[in-house]
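2 protein chains.
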Amino acid sequence: MEKSAGVLSWDEETKMPPSGAEARAEQRATLNRIAHERNVSPDLGELLEELRPFEEEHDFESFEASLIRVARRDYEKAVRVPPELRAEMTRAGSQAYQGWLRAREAEDYGVMLPHLERNLELRRQYVACFEPAGDPYDVVLDDYEPGMKTHEVVTIFDALKAALLPWLHAVGDADPIDDSCLRGHFPRTAQRRFSLGMLEQWGMDRAAWRLDRTVHPFATSFAPTDIRLTTNFHEDSLHGILSCLHEFGHGIYERQVDPRYTRSPLAQGVSSAFHESQSRMWENLVGRRISTWRFFYPKLQVEFPEQFGDVSLETFHRSLNKVQPSFRRVDADEVTYCLHIILRFELERAMLSGELSLKDLPDAFNAKMREYLGLQPPDVVVGVLQDVHWSDMTMGYFPTYALGNVVSVQLWERAEADLGDLDDQFERGEFGSLREWLRENVHRHGRAFTPQELLQRVTGSSMDPAPYLHYLERKLGELFGAKVA
Amino acid sequence: MEKSAGVLSWDEETKMPPSGAEARAEQRATLNRIAHERNVSPDLGELLEELRPFEEEHDFESFEASLIRVARRDYEKAVRVPPELRAEMTRAGSQAYQGWLRAREAEDYGVMLPHLERNLELRRQYVACFEPAGDPYDVVLDDYEPGMKTHEVVTIFDALKAALLPWLHAVGDADPIDDSCLRGHFPRTAQRRFSLGMLEQWGMDRAAWRLDRTVHPFATSFAPTDIRLTTNFHEDSLHGILSCLHEFGHGIYERQVDPRYTRSPLAQGVSSAFHESQSRMWENLVGRRISTWRFFYPKLQVEFPEQFGDVSLETFHRSLNKVQPSFRRVDADEVTYCLHIILRFELERAMLSGELSLKDLPDAFNAKMREYLGLQPPDVVVGVLQDVHWSDMTMGYFPTYALGNVVSVQLWERAEADLGDLDDQFERGEFGSLREWLRENVHRHGRAFTPQELLQRVTGSSMDPAPYLHYLERKLGELFGAKVA
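Chains as they are written, first to last, in this note's numbering: chain A, 1 to 485; chain B, 1001 to 1485.
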């Protein structure tokens, strides 16, 4: 049912004639309601109880035991929330989304405020459905990063801040990178052709993948054999290509889940942070790496000869890795991205606890922007109304973006330890050994293990920001010299 | 639920990467199973009983009374069939479809025979679920043409045969029409551009419609505000354009159903014959008419200057209306099309009654082809295995294609009586008054009336082949002179 609803959403974003929107919203709501009815049905609860002895007969790692364990966990969470509250959250969320669009149009936070208040109230009712936790934020975090606790996030984010803020100041004092080669005219068909070529080299097969155009890029899948990426190529920049690389990471994760798991609750990525670790790995660790571009840059020059004919690989690579504070989270570089996230996480916690009143949110947002990034948003559209996530007071999602960066380098280090230096392979256009390593160690397991269990299995460690910080330190040293890091 | 399953099917036919097929079949089966469970649930039966007094309070023509009446009729049919039989028919039908593909590949009817036997047995069990009817074929016919009886079809088809067979012989003796101008090279992009221009002139608005490419053209809709047509442009013919005109007729029917009916059982065309009357009207009565082409032919000449630059409108129009027996039903002209249908109808009745044994079906098919069309199929692929319909022993559908022709001219005559001569308007590219007449008199009612009620309301008559035969007689006279008709 959820996958079917996914097809309806994908069609809505990519193909549906605009006037179909209203009927489509009703159709999706119907599917989601019916799916939910089944997810919380007492029959399912009884079945899961009956299966306890069967589960115990099987190895913890077996398909059977994993399926029952994960299905029970899902069921126990789902039944906690009254259907009326869930329906009201959906309704209030849809209204708030429209409010968010209007508020951005009017550049007026006041338009948004009543929606935020209603949705925050509902979010608190949702939190109250679960046993009192050490921190109410634990409840919302668990929806995206199952099993993780807020205090663990705080520890990691404090470590990131302690390193990133000084580096950012040092970068500000260094000579800025000239990235003018990335501005120009890039015809869409050439961008699409180049992107598809690059993704196919990485392992996208046309029998199972599509790439379509949407306003906001995303990846979704309806089975491991049916992966849909979307992007948006703008003729004045290469952002669309980079977003393809990002979405490929999400897509390859779903593509490589064990096919036996298809149509079971195990058949998807284990958590938001793990999913984001894959997109960030392919976008940044692979996609902004000089060895990768030793292979692809000549092809890029063929597609855009006037733009890159006279630009060296090194100049292009430096441009691609420019570090500079900017207003929009989605455009942020590898150093500032985590700071965008950390400020949102801190504000979410303060809103949920009541420490921060919603009417003070715009000022609090701007204050953090000044403190972490040295920038004052000129209006609420790039300020507090920048992201859609808060329109319905979705919380707990933002931190997983930064945690994805952290996990991506933990996995990368393990992969390099197992596979040796990957740069030689990348230079020759060979990405298969990394991809297969990810399949074997991460992707195929789907949701069979918790994120914590999976990370421990692969790296022998819990979530740890040190590898990510070492990686950034090395990279900044290469880009800016010893002055910075 | 049915509309959501429709989105999954549309995506499967037009966009889905090929390897997604297996998972998609499961997803569609799940949606259909859940939809069926709800369609036969005792809760629904009780609700419909409770609503009887409410229905009686409302006018027969009101939305409320119509909805309850139609929902009850659907429910009463649905509960007659045990879920196990329905599931088995679906399963056997899927296997038979694969068998049909293999049998065509091998050009071997023997591959198909066991599938046909199994599906015919299930079809008979299905028929037995309904009260003994005068004719078992009434049961299968009712699924596509609710309320119509087999003997009524026989009467109409006998009248068609009595006129068509002599005409066809006369055409065979006349000078053949030279349609060589329709053979050549027609680039796909030009065909698509021309087709979209023509459909937009007819009333396709891009806010609510799409046109995509599939192997077999079809029309579907997910709401009156979301209409999807598909076609297949081949570079060596203009068939793809004509199939766009045909599918437009289906699309405009769904587009113009009263929007209040959306997401109710009333929100679709009332029967297969009525639906086909709309596609045949736009394809043939409008789409092969000289006044229509007085407007569009100059535009066609602009798209294909080398092909049509030196061809007169009259020559093009005669070519478009060529009459000549051929093997394939879907390529048949307006005279021979009904004969293809009638032979299939006669064979279906004989199979269902047991009068014709399945092992004798190929010979019986060929004998009828010789008798009605004077052609001996060279192999089973253009013979008995030509259409997909019989792979799962779907019966009752074929006759509605010919009945659609009949109804199309009954409606057309009424429209002309109301609107006056339409040719002046068509020549000026004005198709709005016909389209709006159809909305007002046919489309907006959806399934609120039975096909018989609707036809009586609009034309004051029951189904009657005379107008169709007059129309053909006039047309043949114009094309071939008094010798033929």
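Beta carbons: idealized from backbone N, C-alpha and C, even for Gly.
Outcome for residue i when other beta-carbon atoms lying within 10 angstroms are tallied against a minimum of 16
i	result
Arg28(A)	buried
His115(A)	buried
Leu1361(B)	buried
Ala1106(B)	exposed
Asp1043(B)	exposed
Lys359(A)	exposed
Asp1175(B)	exposed
Ala1071(B)	buried
Glu76(A)	exposed
Glu1334(B)	buried
Glu1247(B)	buried
Thr1225(B)	buried
Glu1050(B)	exposed
Pro1136(B)	buried
Arg104(A)	buried
Asp11(A)	buried
Gln376(A)	exposed
Thr150(A)	buried
Phe54(A)	exposed
Ser357(A)	exposed
Thr1155(B)	exposed
Proximal residues to residue i (C-beta, below 7 Å), its chain only, five neighbours per side dropped
i	result
Thr214(A)	Glu13, Thr14, Thr230 and Asn232
Tyr1401(B)	Glu1276 and Ile1341
Glu1235(B)	His1185, Phe1186, Pro1187 and Arg1188
Cys297(A)	Before going on, a small fix: residue 297(A) reads as Tyr here, not Cys. Leu313 and Phe316, listed in sequence order.
Phe304(A)	Phe186 and Ala190
Glu427(A)	Ser291, Arg294 and Phe295
Val111(A)	Gly99, Arg102 and Ala103
Asn1366(B)	Gln1376, Pro1377 and Gly1383
Ala1458(B)	Inspection of the sequence shows that residue 1458(B) is occupied by Val rather than by Ala. Hits under 7 Å: Leu1411, Arg1414, Asn1441 and Val1442.
Own chain partners of residue i with C-beta closer than 6 Å, once the 5 adjacent residues on each side are dropped
i	result
Val153(A)	Pro399
Val140(A)	Met395 and Gly396
Val1311(B)	Cys1181
Leu1343(B)	Lys1368 and Tyr1372
Gly1429(B)	Gln1201 and Phe1295
8 Å CB neighbourhood of residue i in its chain, flanking five on each side removed
i	result
Arg260(A)	Phe63
Pro1217(B)	Leu1229, Thr1230, Thr1231, Asn1232, Gly1240, Ser1243, Cys1244, His1246 and Glu1247
Ala1005(B)	Arg1028, Leu1031, Asn1032 and Ala1035
Leu1008(B)	Arg1024, Gln1027, Arg1028 and Leu1031
Phe1308(B)	Cys1181, Tyr1297, Leu1300, Gln1301 and Phe1316
Gly45(A)	Tyr75 and Val79
Cβ-Cβ separation, residue j to residue i (assumed contact under 8 Å), whole Å
i	j	result
Ser1272(B)	Glu1145(B)	6 Å
Leu1238(B)	Gly1287(B)	Not a contact, Cβ separation roughly 11 Å.
Asp258(A)	Arg444(A)	5 Å
Arg263(A)	Ala1023(B)	7 Å
Gly20(A)	Ala1021(B)	At roughly 25 Å, the Cβ-Cβ gap does not stay under 8 Å, so Gly20(A) and Ala1021(B) are not in contact.
Phe222(A)	Lys3(A)	5 Å
Contacts that residue i makes with chain D (C-beta to C-beta distance below 8 Å)
i	result
Gly1020(B)	In summary, chain D is missing from the structure at hand, where the protein chains are A and B.
heavy atom of the ligand SAM below 7 Å from residue i C-beta
i	result
Arg1073(B)	For the structure depicted, the ligand SAM is absent and the ligand set is empty, with no information on it obtainable.
Report yes or no: do the region 310–321 of chain A and the region 364–383 of chain A share at least 3 C-beta pairs separated by less than 8 Å? no
Given 8 Å as the limit, is there contact between the region 1403–1415 of chain B and the region 1272–1289 of chain B, that is, 3 or more CB pairs closer than that? yes
For the region 1199–1208 of chain B and the region 1241–1254 of chain B, state whether three or more C-beta atom pairs, one from each stretch, are separated by less than 8 Å. yes
List, from N- to C-terminal side, the beta strand (DSSP E) runs of 3 residues or more that fit wholly inside the region 1192–1268 of chain B. 1209–1213, 1219–1223 and 1226–1231
Does the pairing of the region 1333–1350 of chain B with the region 1160–1168 of chain B give three or more beta-carbon distances under 8 Å? Short answer: they touch.
Quick one: any contact between the region 1095–1102 of chain B and the region 1381–1394 of chain B, if contact means 3 or more CB pairs under 8 Å? The answer is yes - the region 1381–1394 of chain B touches the region 1095–1102 of chain B, with three or more Cβ pairs under 8 Å.
Count the C-beta pairs between the region 1117–1127 of chain B and the region 1081–1095 of chain B that are closer than 8 Å, then say yes if the count reaches three, no if not. These segments touch.
Cβ contact check for the region 439–455 of chain A and the region 263–271 of chain A: 3 or more pairs under 8 Å: yes
Are the region 130–139 of chain A and the region 417–435 of chain A touching by the rule of at least three beta carbon pairs closer than 8 Å? Under the Cβ criterion (8 Å, minimum of three pairs), the region 130–139 of chain A does not count as touching the region 417–435 of chain A.
Tell me the start and end of each unbroken alpha helix (DSSP H) in the region 1261–1323 of chain B that is at least 4 residues and wholly inside, in chain order. 1272–1280, 1290–1303, 1305–1308 and 1313–1320
Identify every run of the alpha helix (DSSP H) within the region 2–64 of chain A, keeping only runs that are complete inside it and at least 4 residues long; order them along the chain. 2–14, 21–39, 42–50 and 52–57
Which complete alpha helix (DSSP H) runs does the region 1062–1095 of chain B hold, if anything under 4 residues is left out? 1063–1078
Can you give, in chain order, each stretch of the alpha helix (DSSP H) that sits fully within the region 322–389 of chain A and has at least 4 residues? Whole alpha helix (DSSP H) segments, 4+ residues: 337–353 and 361–373.
For the region 1099–1172 of chain B, list the alpha helix (DSSP H) runs that are entirely contained and at least 4 residues long, ordered along the chain. 1109–1128 and 1137–1142
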